[in-house]
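Quick note: the sequence shown, position 291, residue 273 per the working numbering, numbers continuous. From the three backbone atoms N, C-alpha and C, an ideal C-beta is built for every residue, glycine too.
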Amino acid sequence: MNVLFVSPEVGPIVRAGGLGDVVGTLPIALKKLGIDVRILCPLHKVCKNLKTHSLPFQINLNLGSKNFSVKFQETRLNNTDIPVYFLQNEILFDRPGIYADENGDYKDNPIRSFALSKAALFLEKATEWKPDIFHSHDWMTAPLPAYLNALDSSKKKGRKSRSVLTIHNLEHQGSFPEEIFTSSGLPIKFSGIEGFNHYNSMNLLKGAIQHADKITTVSPTYAKEIRTEQYGQGLEKCLEYRGADLIGILNGIDEDSWNPEMDSSLKESIIPSLPDKGKSANKSALLQEMNLSYNKNIPLFGAVSRLYHQKGLDLLADALPGIVSNSPTQFIILGSGDEKEEKRFEKLSKLYPKNISCFIGFNDGLARRIFAGTDFFLMPSRFEPCGLAQQYAMKYGSIPIARRTGGLADTVVDFDEGQNQANGFLFEKSSSAELNDVIHKAIDLFKRRDPFKKIRQNGLNSQCSWEFAAKQYIEVYEWALKDK
């Protein structure tokens, strides 16, 4: 089976978040299972440093009143033989950011989306390789299923290729003025309420939901949640309508990259079967690095997150003064985003310098040291399609404390369900009071060393491999092809 991933990101080459991580790792697992998988991504400015070679093929894309000449460059994914094709056009993609720069979102993002999606159909002519499945990822490649359907309707014989859409985060939909639709070159009938029109706007993700043969999300619980008004972001009716073709598949993690026995960022390696020595050494080193004193009897909590509404770190900021004033605890926060939240955590670290330390920004090495050095890891998300950080934390011996939503509900087994199965703590409501209560549960657990070590060991033993997810994706691909 031939599968083409079409995505604006592919880690570690160019990424903005979890989407890039998935596109950079899932193909490796699929390849091991016998799938001929390849990737198409724009040639962003950051990609130009790679060693690539040009494919001797050029196409002209007519998008509205403009014509864009595009070419393909080719390289390989990491240390594999998986081809990565870059779509080259300096006007559209030679920019410092993927979606935006310091001035905000690029105003021509819909044209860039049309170009990437439409060009995917021409890759066969450049490579003499024909995809059985075109796998679109999020709104930037959302028009692709519609282009495929338009191609189908223009031929007497039905097409052989099918489309799969993965929704990594429903919050990002690609909504633009409806008049821009004419620039796509898609049939005008696709612009209506049964296509891309959503409350008198052109919504790219909604169009993909309507046109894709099959739809996946990145966790089973999220697949259920997004069909409800609370989590559906205005698209719940469309997703409920397509419910028979919608499946949630939990993301895995790259267990070679996230391996505490081999991670050079750490002070000392952590052996999953005997974690005490490594955890203690990393906790001591992390506290020193973050200017906090070491006391083996005080629990250390960590958070690594973007700071904005979805992630719920404002709930932690609300709860922290009461927690550190009444309980011997320490907190380390790494993150950036909303300026107001950044300033709140900086202020808290100054008010409570013995208990709270924060780093505003992002540092991959520090993130790994927080996973390795903390006793508990906080993810109070208001919603979380999958979440990778809680899986990283468990692999590094930090017990997750998370809200019961999306992939957090699918990966964290709550302490109240029994010590034999539990690997963390879950709480229900997005409130600082509930977060406060569950943190105090964790503090009580920390005082009881045997149960604490049991819960931590369950997390260290958690299975986070991509292999199981890859098998599920293959089932979806086969499911799509059977429907043709």
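Residue i (DSSP reduced to helix, strand or coil)
| i | result |
| --- | --- |
| aspartate 87 | strand |
| proline 335 | coil |
| proline 127 | helix |
| asparagine 264 | helix |
| glycine 46 | coil |
| methionine 361 | strand |
| leucine 147 | strand |
| threonine 199 | strand |
| threonine 387 | coil |
| lysine 206 | helix |
| leucine 232 | coil |
| aspartate 396 | strand |
| glutamate 243 | coil |
| glutamine 40 | strand |
| glutamine 212 | coil |
| arginine 430 | coil |
| asparagine 185 | strand |
| aspartate 18 | strand |
| proline 159 | strand |
| phenylalanine -13 | strand |
Separation of residue j from residue i, as counted between CA atoms
| i | j | result |
| --- | --- | --- |
| threonine 7 | asparagine 308 | 44 angstroms |
| lysine 112 | serine 339 | 53 angstroms |
| aspartate 227 | proline 310 | 50 angstroms |
| glutamate 84 | arginine 77 | 12 angstroms |
| histidine 26 | alanine 101 | 15 angstroms |
| lysine 249 | valine 286 | 19 angstroms |
| valine -12 | lysine 278 | 48 angstroms |
| isoleucine 17 | alanine 452 | 10 angstroms |
| glutamate 56 | leucine 103 | 16 angstroms |
| isoleucine 305 | arginine 431 | 21 angstroms |
| arginine 144 | methionine 376 | 37 angstroms |
| serine 165 | serine 47 | 7 angstroms |
| glycine 177 | glycine 389 | 29 angstroms |
| lysine 435 | lysine 429 | 11 angstroms |
| isoleucine 342 | serine 266 | 21 angstroms |
| valine 394 | serine 444 | 10 angstroms |
| arginine 364 | alanine 354 | 25 angstroms |
| proline 335 | glutamine 270 | 13 angstroms |
| threonine 199 | serine 275 | 43 angstroms |
| lysine 142 | lysine 464 | 10 angstroms |
| glutamate 207 | threonine 34 | 41 angstroms |
Pair within 7 angstroms by beta-carbon distance, residue i and residue j
| i | j | result |
| --- | --- | --- |
| isoleucine 80 | proline 9 | no |
| arginine 350 | serine 262 | no |
| leucine 370 | isoleucine 252 | no |
| leucine 43 | alanine 97 | yes |
| alanine 424 | isoleucine 383 | yes |
| aspartate 120 | alanine 462 | no |
| threonine 148 | alanine 391 | no |
| phenylalanine 359 | glycine 284 | yes |
| leucine 168 | alanine 205 | no |
| leucine 282 | glutamine 312 | yes |
| leucine 160 | asparagine 185 | Note that residue 160 is glutamate in the sequence shown, not leucine. Contact flag unset, no. |
| serine 99 | threonine 123 | yes |
| alanine 404 | isoleucine 352 | no |
| isoleucine 115 | valine -15 | yes |
| leucine 256 | histidine 150 | no |
| valine 52 | asparagine 31 | no |
Cutoff 7 angstroms: residue i Cβ touching any chain B Cβ
| i | result |
| --- | --- |
| leucine 348 | Here there is only one protein chain, and chain B is not present. |
Contact belief for residue i with residue j at Cβ below 8 angstroms, rounded distance in angstroms
| i | j | result |
| --- | --- | --- |
| leucine 37 | phenylalanine 54 | 4 angstroms |
| glutamate 324 | leucine 289 | 6 angstroms |
| glutamine 155 | leucine 187 | 4 angstroms |
| cysteine 23 | glutamate -9 | 7 angstroms |
| isoleucine 314 | methionine 272 | 5 angstroms |
| glutamate 237 | cysteine 446 | 6 angstroms |
| serine 201 | leucine 232 | 5 angstroms |
| isoleucine 21 | valine 5 | 6 angstroms |
### Query
So does the segment 411 to 426 actually touch the segment 378 to 394, counting three or more Cβ pairs closer than 8 angstroms?
yes
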